[in-house]
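Just so we're aligned: 644 in this note's numbering is position 20 of the sequence shown, and the numbers increase by one with no gaps anywhere.
Read through the structure below, which is laid out as structure tokens, and then see the notes.
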Amino acid sequence: MAGSGLFSPAPYHILSYGTLLGTTFFHTFVGGIVSFQVLTRPQFAALMAKIFPIYFSMQTALPAVLALTYPAAGTVLGGASPSGGIAGVLDPVNRWGVLVPIAAVFLTGLANLAVVGPATTRCMDERRLLQKKDGKKSYDAPPHSKQMEALNKKFSVLHGASSLLNLVGFIASVVYGFTLSSRLD
Numbered sequence: 625m626a627g628s629g630l631f632s633p634a635p636y637h638i639l640s641y642g643t644l645l646g647t648t649f650f651h652t653f654v655g656g657i658v659s660f661q662v663l664t665r666p667q668f669a670a671l672m673a674k675i676f677p678i679y680f681s682m683q684t685a686l687p688a689v690l691a692l693t694y695p696a697a698g699t700v701l702g703g704a705s706p707s708g709g710i711a712g713v714l715d716p717v718n719r720w721g722v723l724v725p726i727a728a729v730f731l732t733g734l735a736n737l738a739v740v741g742p743a744t745t746r747c748m749d750e751r752r753l754l755q756k757k758d759g760k761k762s763y764d765a766p767p768h769s770k771q772m773e774a775l776n777k778k779f780s781v782l783h784g785a786s787s788l789l790n791l792v793g794f795i796a797s798v799v800y801g802f803t804l805s806s807r808l809d
């Protein structure tokens with residue numbers, strides 16, 4: 625079988641894609657929701673503060689692995705481009721089905737890892753400090769201090785941006801899955 629075996633990029637590509645899609649689906653639609661329902665808010669926040677850097681790192685690293693291991697035509701996966709790896713991803717024939725979704729997952733993961741995630745964590749830390757000063761939790765019923773109202777609004781915006789980036793990354797992963805599955809025919 626052409627291109628199969630330990631030194632072929634194809635199995636690493638499939639395993640990386642499966643890991644990316646599986647972790648994104650599970651965290652977004654199962655683990656995060658169940659954790660929010662079961663844990664207290666402080667416990668949930670502490671858990672997510674530990675999980676998110678790992679999760680966003682995976683969402684950034686795995687698309688890079690996908691690009692590096694993109695199999696050339698003639699391998700087990702077959703395909704439209706005779707080139708594998710980065711050259712295959714950048715091949716104009718693969719622009720919309722391969723490059724755009726892989727780049728979208730990478731960029732959304734990177735944005736959450738490097739910008740939005742840390743900003744959200746800083747905002748949560750600021751709210752935690754202000755809760756001690758105000759003597760009231762950020763999620764307690766209003767009224768809140770003007771500072772807490774501003775931090776709650778900032779947190780909502782950051783959380784929404786992170787969620788949107790995560791959803792775009794998930795959709796791009798699914799889109800790439802359709803391209804990948806078409807290569808198995």
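Just so it is clear, CB atoms sit at the ideal spot from N, CA and C, and this is done for glycine as well.
In this text, all values refer to a predicted model and were calculated from it rather than measured experimentally.
A buried status is given to Asp715, since no fewer than 16 other beta-carbon atoms sit within 10 Å of its beta-carbon. When rounded, the separation of the alpha-carbon atoms in Gly712 and Pro635 is 16 Å.
Of Val724, Val729 and Met748, the smallest CA-CA separation from Gln667 is found for Met748. Counting only the Cα atoms, Val799 lies some 15 Å from Leu731. Annotation: the continuous alpha helix (DSSP H) that includes Pro635 extends over Pro633 to Phe650. When rounded, the separation of the alpha-carbon atoms in Leu753 and Pro633 is 49 Å.
Taking the Cα positions, Val781 is about 15 Å away from Ala735.
The alpha-carbon separation between Met772 and Leu630 amounts to approximately 55 Å.
Contact between Thr803 and Val722 holds: CB atoms are separated by about 6 Å, below the 8 Å threshold. DSSP places Thr693 outside any alpha helix (DSSP H), giving it a letter other than H or E. In terms of Cα proximity to Tyr679, the closest of Leu789, Gly801 and Ser805 is Leu789. Nearest neighbour of Ser787 by Cα position, chosen from Gly733, Lys760 and Gln755, turns out to be Gly733.
The beta carbons of Leu686 and Thr643 sit closer together than 8 Å. In the same chain as Ala785, and ignoring 5 residues on each side of it, the C-beta atoms closer than 8 Å to its own belong to Val740, in chain order.
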